[in-house]
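Counting from 6, one number per residue, gives the positions in the sequence shown under the working numbering. To start, the structure itself, in structure tokens.
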Amino acid sequence: PGEKELPTSKQRGTNKLSQHRHHHHRQTAQPLTASTEYPPSIQPSYLQNGCRSTSRRWSQQCHLQGQGEAVGRPFRQHRRRQSSCRCRPDIAGPKGHGQDDPQRKGGDHHHQRWQHNVEEHGRHASHSQDACPTFQRPRCRSRAAAAAVKVLHEMSQPIALTDTSSLLQAANTSLSSKIVSQYSNLLGPMAVNAVTKTIDLKTADNVDLRNIRIIKKVGGTIEDSELVDGLVLTQPVIKSAGGPIRMEKAKIGLIQFQLSPPKPDMENTIQVNDYRQMDKIVKEERMYLLNMVKKIKKAKCNVLFIQKSILRDAVNDLSLHFLQRLGILVVKDIERDEVEFICKSTGCKPIADIDSFTEDKLGSADLVEEVQSSGSKMVKVTGCKSTGKTISVVVRGANALILDEAERSLHDALCVVRCLVKKKALIAGGGAAEIEIAAQLNKQARALTGTEAICWKAFADAMEVIPTTLAENAGLNSIKVVTALRHKHEMGEKNAGVSIKSGGVNSDISKENVLQPLLVSTSAIELAAETVKMILRIDDIALSR
6 PGEKELPTSK QRGTNKLSQH RHHHHRQTAQ PLTASTEYPP SIQPSYLQNG CRSTSRRWSQ
66 QCHLQGQGEA VGRPFRQHRR RQSSCRCRPD IAGPKGHGQD DPQRKGGDHH HQRWQHNVEE
126 HGRHASHSQD ACPTFQRPRC RSRAAAAAVK VLHEMSQPIA LTDTSSLLQA ANTSLSSKIV
186 SQYSNLLGPM AVNAVTKTID LKTADNVDLR NIRIIKKVGG TIEDSELVDG LVLTQPVIKS
246 AGGPIRMEKA KIGLIQFQLS PPKPDMENTI QVNDYRQMDK IVKEERMYLL NMVKKIKKAK
306 CNVLFIQKSI LRDAVNDLSL HFLQRLGILV VKDIERDEVE FICKSTGCKP IADIDSFTED
366 KLGSADLVEE VQSSGSKMVK VTGCKSTGKT ISVVVRGANA LILDEAERSL HDALCVVRCL
426 VKKKALIAGG GAAEIEIAAQ LNKQARALTG TEAICWKAFA DAMEVIPTTL AENAGLNSIK
486 VVTALRHKHE MGEKNAGVSI KSGGVNSDIS KENVLQPLLV STSAIELAAE TVKMILRIDD
546 IALSR
């Protein structure tokens, strides 16, 4: 009672209200007085989200203009803002959804698909932050990411680190997609043995891959690669002075100073006018170097590693002569980044000064010898007595490109085995886990309402990208494959996945040894969900030079 009728179509400010995002039907605008504002139920989203400057501007227009104009103009303004606004994802126009946002370009395909689904299905939410809690990773069961992780745990197969065959299956799955896949029967066991030898299988919950050193040597083929339980150096033994190339019960010292005559810090020139002065200089150099070598021998050192020097020669011929006379094996030009691994392997400590060279800083090993393989020489240190367990893997190949690819493939296999040490469980590969997650989330989404149900459905749709991509890469009909996978998982076949060998769907892909660590899938889902949540919380982008 008391309300005025709507203006006719001929009046100046007549407009139908824009479709409200919480309703699928059109509402009829009620006339507003000069001091009234839009009710909360029909306010545009950027009024509901606190754009105060806009609301003040609308109030001023309402005071200055008539009622009919106050109804029509703000909504025309609102529609223009919808087509040009980039500051909020929920009111972006046809070119919106963050397409122009540099933060949203590129990135993982999962992130792009999930973000797109959230923004497409979340048009009915007042703000994109309403969808953020659904993608969180709390312990609450009502969140999509937590529910997906729970599904993965339910379909996982627990393993023991003593079960070498399970570890080998996971490592071979990683190598099957590499260029060197034909050598997976060699690199797979090598990766498993390298990890298991550096940890305690009963108590280990992590692996330090820095204890495994991969050494690349040109020459031979990948089949000539080998695993050495100890230390391998690519530098040869110095034999110019006739020194030994093999030493049993080695006492190893690592020095970071030079075995050469001292030089002043400033450049200078010494002028010698008498042969007696020349003899005196040579005698002083001999005595200086001999005293240094005697101190090394006094500490019972019989194997000496010398770090590479960029200023001058780390060792001269006279020093090598004295070391050979005392029966000390010498390896020079040790790189700086090798020092830590050598110390961990042999138990020695780097020595920076000759006065600090003592027996307690020496490492020990059963055997140090120079060996020749495939036309190149290297030094092997085996039987190390240190507490830290280290492994060296010598990878061989015809050229540098093959060596680099073999190194990357072997590192991936090592990371897969490390994941199994951290979380001792396997799941079926071939997109089986992702399809199962999609099926379970779709089922749970039917019991939800509102924004959360829409986001769960978007989350489930995004998970189907993995089997779709696998089918396309295998040259299969992705629509038929994904449809068949959905049917099999609805029938309870949780391990059904894409099979390249059979050219279709396998009801139990684990029988083809297509397995992957549980930690890989759970980490991917959790990190992707957190990334999407972070992106959805961005209101604006401040460009900087």
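Here a beta-carbon is modelled for each residue, glycine too, at the ideal position from N, C-alpha and C. A quick note: this is a predicted structure, and the numbers were derived from the prediction, not measured.
Quiz item: If we call anything under 9 Å between Cβ atoms a contact, is Ile217 one with Val398?
Solution: yes
Quiz item: Taking just the CA atoms, how far does Lys382 sit from Leu334?
Solution: 15 Å
Exercise. Rank Val233, Ser507, Tyr188 by C-alpha distance to the C-alpha of Lys516 and give the top, closest one.
Key: Answer by Cα proximity: Ser507.
Quiz item: Do Ser265 and Val200 have their CB atoms nearer than 9 Å?
Solution: In terms of Cβ geometry, Ser265 and Val200 do not form a close pair [threshold 9 Å].
Exercise. In angstroms with no decimal places, state the Cα-to-Cα distance between Asn447 and Glu495.
Key: 11 Å
Quiz prompt | Contacting residues, own chain, Cβ-Cβ under 8 Å from Asp210 (five flanking each side not counted) | solution = Val426, Lys427
Exercise. Using the Cα positions of Gln87 and Asn482, report the straight-line distance between them to the nearest angstrom.
Key: Any answer about Gln87 is weak, because its pLDDT of 43 lies below 50 and its placement is not dependable; what the coordinates show is given next. Taking the straight line from one Cα to the other gives about 39 Å.
Quiz item: What residue from Val503, Ala165, Val400, Glu535 has the CA that sits closest to Phe464's CA?
Solution: Glu535
Practice problem: Verify whether the separation of the beta carbon atoms of Met252 and Lys499 is less than 9 Å. | Solution: Judged by beta-carbon spacing, Lys499 lies beyond the 9 Å limit of Met252, meaning their Cβ atoms are not closer than that value.
Quiz item: Thinking C-alpha only, which one of Gln276, Val233, Ala151, Phe327 is nearest Lys385?
Solution: Val233
Exercise. Measure the beta-carbon distance from Val344 to Cys424 and round it to whole angstroms, keeping in mind my assumption that it falls under 8 Å.
Key: In fact, because the Cβ distance is near 29 Å, the residues do not count as touching under 8 Å.
Practice problem: State the DSSP-derived secondary structure class of Gly2, mapped to helix, strand or coil. | Solution: Absent from the structure is residue 2, since the part of the chain shown begins at 6 and ends at 550.
Quiz item: So Lys254 and Asp371 are in contact, right, with Cβ under 8 Å, and what is the actual spacing, rounded?
Solution: 7 Å
Practice problem: Please report the residue range of the alpha helix (DSSP H) in which Ser414 lies. | Solution: 405-427
Exercise. Please check the pair Leu523 and Ile432, which I expect to be a contact at CB under 8 Å, by giving their CB distance rounded to whole angstroms.
Key: 5 Å
Quiz item: Can you tell me the Cα-Cα spacing of Gly480 and Glu469, whole angstroms?
Solution: 17 Å
Practice problem: Can you grab the Cα-Cα spacing for the pair His28 / Leu453, in whole Å? | Solution: Since pLDDT at His28 reaches only 42, below the 50 mark, its modelled position is unreliable, and the value read off the structure follows with that caveat. Cα-Cα distance, rounded: 18 Å.
Quiz item: Whose C-beta lies closer than 6 Å to the C-beta of Ser89 among residues of the same chain, with five residues either side of it excluded?
Solution: Residue confidence for Ser89 is low, a pLDDT of 40 falling below 50, so the modelled location carries little weight and cannot support an answer.
Practice problem: Determine the contact status of Val519 and Gly455, defining contact as a CB-CB distance below 9 Å. | Solution: no
Quiz item: In the segment 256-318, which residue ranges form an unbroken beta strand (DSSP E) of at least 3 residues, counting only runs that do not cross its ends?
Solution: 308-312
Practice problem: Quick one: using the 10 Å Cβ neighbour count with 16 as the cut-off for buried, is Ile260 buried or exposed? | Solution: Buried is the call here.
Quiz item: What number of angstroms, rounded off, separates the C-alpha of Asp338 from the C-alpha of Thr169?
Solution: 39 Å
Practice problem: Return the CA-CA distance between Met539 and Ala438, expressed in angstroms with no decimal places. | Solution: 25 Å
Quiz item: According to DSSP, is Thr387 helix, strand or coil?
Solution: strand
Quiz item: Roughly how many angstroms lie between the CA atoms of Gly248 and Ser414, to the nearest whole one?
Solution: 39 Å
Quiz item: Cα separation between Leu294 and Gln377?
Solution: Taking the straight line joining both Cα atoms gives about 32 Å.
Exercise. Under 7 Å Cβ to Cβ from Ala547, same chain only, skipping five residues before and after it: list those, please.
Key: none
Quiz item: According to the Cβ coordinates, are Ser324 and Met297 closer than 9 Å?
Solution: yes
Exercise. Let me know if Gly332 comes out buried or exposed under the rule of 16 or more other beta-carbons within 10 Å of its beta-carbon.
Key: When all chains shown are included, Gly332 counts as exposed.
Quiz item: Are Leu238 and Ile347 close, meaning C-beta to C-beta below 9 Å?
Solution: Leu238 is a Cβ neighbour of Ile347, given a cutoff of 9 Å.
Quiz prompt | C-beta atoms of Ala246 and Leu328 nearer than 9 Å | solution = yes
Quiz item: Under three-state DSSP, which class holds Ala430?
Solution: strand
Practice problem: Determine the burial state of Ala153: buried for a count of at least 16 other Cβ atoms within 10 Å of its Cβ, exposed for fewer. | Solution: Buried, by the Cβ-count rule.
Quiz prompt | Among Lys349, Lys485, Val487, Ala418, nearest to Leu192 - alpha-carbon criterion | solution = Among Lys349, Lys485, Val487, Ala418, the Cα nearest to that of Leu192 is on Ala418.
Quiz item: Just how far apart, CA to CA, sit Ile530 and Ala405?
Solution: Distance between the alpha carbons of Ile530 and Ala405 is about 36 Å.
Practice problem: Since I believe Val197 is in contact with Leu172 (beta carbons under 8 Å), could you give me their beta-carbon distance rounded to a whole number of angstroms? | Solution: Going by Cβ atoms, the distance from Leu172 to Val197 rounds to 5 Å, so yes, they are a contact pair.
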